[in-house]
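See below for the structure under consideration.
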Amino acid sequence: MNEFTFQQDNNLKHKVKSTLELLTKKTVNVPEWPSYSFDLNLLKNQWQDLKIVF
């Protein structure tokens, strides 16, 4: 089985032209994901709450 999915957030720094060309050439499935959002990372939100309290 040669199929796999490459998952990354859709942040601009991860969209380097050479990398995208390689992934396209190798026909790797790269789904479009939303850019990273601080609000979606629950652990970081909890750390922020702890910093405020202490």
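Here our numbering is used: the first residue of the sequence shown is 81, the next is one more, and so on. Here a beta-carbon is modelled for each residue, glycine too, at the ideal position from N, C-alpha and C.
How big is the Cα-Cα spacing for residue i and residue j?
i       : j       : result
Gln-87  : Asn-109 : 9 Å
Lys-106 : Gln-128 : 41 Å
Can you list, in chain order, the residues of its chain with a C-beta nearer than 6 Å to that of residue i? Leave out the 5 residues immediately preceding and following it.
i       : result
Asn-85  : A small fix is needed here, since residue 85 is Thr in this sequence, not Asn. Contacts found: Asn-109.
His-94  : Gln-88
Leu-103 : Val-110
Can you tell me whether DSSP reads residue i as helix, strand or coil?
i      : result
Thr-85 : strand
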